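Going line by line, the protein sequences match chains A and B.
In the working numbering, each number is its position in the first sequence, counted from 1, plus 72.
In the working numbering, each number is its position in the second sequence, counted from 1, plus 72.
Ideal placement from N, C-alpha and C gives every residue a C-beta, glycine not left out.
All values derive from a computational prediction rather than experimental measurement.
Below you'll find the structure, written out as structure tokens, and then a few comments.
There are 2 protein chains.
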Amino acid sequence: MEIQKKHIAILGSTGSIGKQTLEIIAAFPEYFVVEVLTANKNADLLIEQALKYKPGSVVIAGKEHYPKIEKALWSRGIKVFAGKDSLEQILESDTIDIVLNALVGFSGFLPTCSAIKNGKAVALANKESLVVGGALIKEMQRTHKSRIIPVDSEHSAILQCLIGEELNPVKKVILTASGGPFRNYTQGSLKTVTPEQALQHPKWNMGKKITIDSATMMNKGFEVIEAKWLFDLQADQIEVIIHPQSIIHSMVQFGDGALKAQLGLPDMKTAIQYALFFPLRMKSESREFHFAEHAELTFEPPDLKIFRNLALAYEAMNEGGNIPCAMNAANEIAVEAFLNKKIGFLEISGIIEKCIKKINKTAHPTLDDYISTNQEARKLAWSYL
Amino acid sequence: MEIQKKHIAILGSTGSIGKQTLEIIAAFPEYFVVEVLTANKNADLLIEQALKYKPGSVVIAGKEHYPKIEKALWSRGIKVFAGKDSLEQILESDTIDIVLNALVGFSGFLPTCSAIKNGKAVALANKESLVVGGALIKEMQRTHKSRIIPVDSEHSAILQCLIGEELNPVKKVILTASGGPFRNYTQGSLKTVTPEQALQHPKWNMGKKITIDSATMMNKGFEVIEAKWLFDLQADQIEVIIHPQSIIHSMVQFGDGALKAQLGLPDMKTAIQYALFFPLRMKSESREFHFAEHAELTFEPPDLKIFRNLALAYEAMNEGGNIPCAMNAANEIAVEAFLNKKIGFLEISGIIEKCIKKINKTAHPTLDDYISTNQEARKLAWSYL
Chain A
73 MEIQKKHIAI LGSTGSIGKQ TLEIIAAFPE YFVVEVLTAN KNADLLIEQA LKYKPGSVVI
133 AGKEHYPKIE KALWSRGIKV FAGKDSLEQI LESDTIDIVL NALVGFSGFL PTCSAIKNGK
193 AVALANKESL VVGGALIKEM QRTHKSRIIP VDSEHSAILQ CLIGEELNPV KKVILTASGG
253 PFRNYTQGSL KTVTPEQALQ HPKWNMGKKI TIDSATMMNK GFEVIEAKWL FDLQADQIEV
313 IIHPQSIIHS MVQFGDGALK AQLGLPDMKT AIQYALFFPL RMKSESREFH FAEHAELTFE
373 PPDLKIFRNL ALAYEAMNEG GNIPCAMNAA NEIAVEAFLN KKIGFLEISG IIEKCIKKIN
433 KTAHPTLDDY ISTNQEARKL AWSYL
Chain B
73 MEIQKKHIAI LGSTGSIGKQ TLEIIAAFPE YFVVEVLTAN KNADLLIEQA LKYKPGSVVI
133 AGKEHYPKIE KALWSRGIKV FAGKDSLEQI LESDTIDIVL NALVGFSGFL PTCSAIKNGK
193 AVALANKESL VVGGALIKEM QRTHKSRIIP VDSEHSAILQ CLIGEELNPV KKVILTASGG
253 PFRNYTQGSL KTVTPEQALQ HPKWNMGKKI TIDSATMMNK GFEVIEAKWL FDLQADQIEV
313 IIHPQSIIHS MVQFGDGALK AQLGLPDMKT AIQYALFFPL RMKSESREFH FAEHAELTFE
373 PPDLKIFRNL ALAYEAMNEG GNIPCAMNAA NEIAVEAFLN KKIGFLEISG IIEKCIKKIN
433 KTAHPTLDDY ISTNQEARKL AWSYL
């Protein structure tokens, strides 16, 4: 099978997923043309990446960095844009086939919508896109026939297990969770944990926001909602299980009772590479998995009383409408406040819960409704700090 | 997708796999027409099955049982045949679509060949068919475009993991093994184990021959060779790992390092049902798998010094030609001798080893060569008892 060259836009190229994506592209230069790189505020790395990968354009969200980047890149024929609106506009370009969205939080939602409305394939690392507006995104997908390929290792695992099973209904999916750094902590001991402790994830090396979300299990809650939309599931078809070794990345159970799992070392690169070449698997230089080093895999149920965020995510999913969007917004504010030591670890859930109780409900939100819910919920969350 | 009615012949219908196959057919009567049932010597059960499932014909291998069966079935319009030759002949019938071969040992080889030469799909539980003459069977398969679908839970697991991955080369397969009842035994303690102990398999409820083969790990050696032919693999692409809980039924690793596994309770019915409806999965009434009951999965390398048969299987596979056929024949004699308490457990390997060293080698055996190797090796094995 001949592989067509992919023209790619990488949103969030200076973050953890973005950097790994560029490493994969560097390993397979013959299959990619980098069209767009974007960063939030890391101007120096964006310049360095642009000089190496020669995209047609770069976008920096923080406008204050524009002059520096423009100065560095103008002579190379690389167009420089600034501001979040540019991000959405640039995805209208006909030269882009695939958008890897590795933005963090709500900021990834509108670019996902833009990519889908413009018929691009989306390799989705920004799980918040589907958490915020899964119903709307699915509707856009149907209209514009765009494809979403998950980059999250859990959803990548599920996709890998579903390949070739198109005729067979799914009984349930089982999302595995490492349990994070506080797996065996009691309510009492969680009261005093610091951001520094929360940032020590035992298995996955990721950005700050998602590492805290992993520690609170909000991340797993987001993944539950993401799975619902990606694989068209009901709440009772999505189970979460704690698997501290993070070797089994997730599982699918079919109607005949058989389960399929995808496993390997915890390494985001395999999932990113799979999304980029889907459904092909290319060789990888990743470290080899050996059972000799992983002789024991264990499983335990999550403690929903201690990790309230996971329970809240199921509640928000069941309520639907704009509630998951409000939950996400409240979580963003609460996590930031925790990182800035304004609130304790256990207060994160409390703020989220208050926000989703208080927010004005909309059953069938439009794009504008999501934007205003996001703003409203952030304000609410601020008011509870 | 409309499911076509399958006209099925079940070879060995009174054995463990045969009985479970008929239970599945009883659960899905609308999808099957039972054309043929065959048994070795259990005349009573064959009669009972024939009265219930109303096949066009039955075959009893032991000719002495013919009169009794004929008497019971003649008035029902069910034809009765006797003798092993009838078994091969009956598979020429145009009315049969699929042959489930659950015969034990070398006796399954010629019927598999006959089914394939007659263009039938073969649901293969008789792994010895491919151990004895994998090269010849593959050649026949190519000529006659017949399909083999594995019934062994390990190979079924591999097939399930390979579905949809047709474009992606396999790096290796990992066959899991429970380790059998003597997993942690030393050479010394194995000397005195009895057939009764060997027949206590910790995880799988199977026939006598295969249960002893599991205890010696000959069964896993057979499965290695079976995997080679089913999935077109080299020796270094087939790994065996001890997994005492028997929850992961086997795994496949692809070129990108990702592994896929199929898992569930140890239950042959899932694998049989998968083979019968492949690639569809039908609902199953099997007991549900819960991680709460299987919170720990462990893995360890097999001890090839103690379980010599597994090492011998790799050696025989690498030698090729008629050597695996000789190994199988010697094993059949040795297992019988062990069950009859003529030899000890550890002597089984010794007899096999002597036979495959001594047998006249043929690099490219014909069907007749396999038949004579089988006879010659059995005689040799007898001479070593």
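Contact list for residue i against chain A, beta-carbon separation under 7 Å
i         : result
Leu335(B) : Leu331 and Ala333
Ala367(B) : Thr370, Phe371 and Glu372
Ile313(B) : Phe363
Chain-ordered chain A contacts of residue i [CB-CB under 8 Å]
i         : result
Met354(B) : Gly327 and Asp328
Tyr346(B) : Asp328 and Ala330
Thr342(B) : Asp328, Gly329 and Ala330
Alpha-carbon to alpha-carbon, residue j and residue i
i         : j         : result
Gly252(A) : Gln213(A) : 33 Å
Ile284(A) : Ala409(A) : 11 Å
Gly177(A) : Ala401(A) : 8 Å
Gly336(B) : Ala330(A) : 6 Å
Lys126(B) : Leu348(B) : 19 Å
Thr445(A) : Ile282(A) : 22 Å
Phe458(B) : Ile314(B) : In the structure as shown, chain B starts at 73 and stops at 457, and residue 458(B) therefore has no counterpart that could be examined.
Leu384(A) : Asn432(A) : 17 Å
Leu109(A) : Glu357(A) : 24 Å
Lys280(A) : Leu271(A) : 7 Å
Ala388(A) : Leu234(B) : 37 Å
Gln447(A) : Ile132(A) : 22 Å
Asn394(B) : Asp441(B) : 8 Å
Pro338(B) : Lys275(A) : 30 Å
Asn390(A) : Ser201(B) : 53 Å
Asp304(A) : Thr342(B) : 25 Å
Ile96(A)  : Met340(B) : 42 Å
Asn173(A) : Ile320(B) : 34 Å
Glu419(A) : Asn381(A) : 11 Å
Ser150(B) : Ser322(B) : The sequence given here places Ile at residue 150(B); Ser does not occur at that position. About 41 Å.
Ser158(A) : Lys217(A) : 24 Å
Glu102(A) : Glu102(B) : 53 Å
Lys263(B) : Ile415(B) : 10 Å
Gly128(B) : Lys78(A)  : 58 Å
Per-residue contacts from residue i into chain D (C-beta, under 7 Å)
i         : result
Gln232(A) : Absent here is chain D; the protein component of the structure consists of chains A and B.
Chain-ordered neighbours of residue i on chain B, where CB pairs are closer than 9 Å
i         : result
Pro351(A) : Gly236, Glu237, Leu239 and Asn240
Pro373(A) : Phe363 and Ala364
Ile132(A) : Under the 9 Å cutoff, chain B gives no residues; its nearest Cβ is about 33 Å from Ile132(A).
Where residue i falls, given that 16 or more other Cβ within 10 Å makes a residue buried
i         : result
Thr258(B) : exposed
Lys27(B)  : Examination of residue 27(B) is not possible in this model, given that chain B is present from 73 through 457 alone.
Lys429(B) : exposed
Glu298(B) : buried
Asn112(A) : buried
Thr288(B) : buried
Pro396(A) : buried
Ile75(A)  : exposed
Asn198(A) : buried
Glu237(B) : buried
Ser225(A) : buried
Thr93(A)  : buried
Neighbour list for residue i in chain B, Cβ cutoff strictly below 7 Å
i         : result
Ser358(A) : Gly329
Hey, which unbroken runs of the beta strand (DSSP E) at 3 residues or more fall wholly within the stretch 360–438 of chain B? For the stretch 360–438 of chain B, whole beta strand (DSSP E) runs of length 3 or above, ordered along the chain, are 368–370.
Going residue by residue through the stretch 252–282 of chain B, where are the continuous alpha helix (DSSP H) segments of at least 4 residues, counting only ones entirely within it? Complete alpha helix (DSSP H) runs here, min 4: 259–262 and 267–270.
In chain order, which continuous runs of the beta strand (DSSP E) of length 3 or greater are located wholly inside the stretch 98–130 of chain B? List check, beta strand (DSSP E) in window: 104–111.
Would the stretch 192–204 of chain A and the stretch 165–177 of chain A be scored as touching if the rule is three or more Cβ pairs under 8 Å? Counting Cβ pairs under 8 Å, three or more are found: they touch.
Does the structure place the stretch 85–94 of chain B close enough to the stretch 440–456 of chain A that three or more beta carbon pairs sit under 8 Å? The stretch 440–456 of chain A, when compared against the stretch 85–94 of chain B, does not touch it at the 8 Å Cβ threshold.
Please go through the stretch 277–316 of chain B and give each complete alpha helix (DSSP H) segment of 4 or more residues, from N-terminal end onward. Assignment of alpha helix (DSSP H) within the stretch 277–316 of chain B, counting only whole runs of 4 or more residues, yields 280–288 and 290–303 in chain order.
Check whether the stretch 306–320 of chain B and the stretch 242–250 of chain B are in contact - that is, three or more C-beta pairs closer than 8 Å. Three or more Cβ pairs closer than 8 Å define a contact, and the stretch 306–320 of chain B meets that threshold against the stretch 242–250 of chain B.
Please give the ranges of any alpha helix (DSSP H) in the stretch 135–203 of chain A, keeping only runs that are unbroken, at least 4 residues long and fully inside the region. With a minimum length of 4 residues, the continuous alpha helix (DSSP H) runs that stay inside the stretch 135–203 of chain A are 138–145, 156–162 and 181–189.
Which residue spans inside the stretch 199–238 of chain B form an unbroken beta strand (DSSP E) run of at least 3? For the stretch 199–238 of chain B, whole beta strand (DSSP E) runs of length 3 or above, ordered along the chain, are 220–222.
Are at least three pairs of beta-carbons, each pair with one atom in the stretch 360–374 of chain B and one in the stretch 363–383 of chain A, less than 8 Å apart? Contact holds: three or more Cβ-Cβ distances are below 8 Å.
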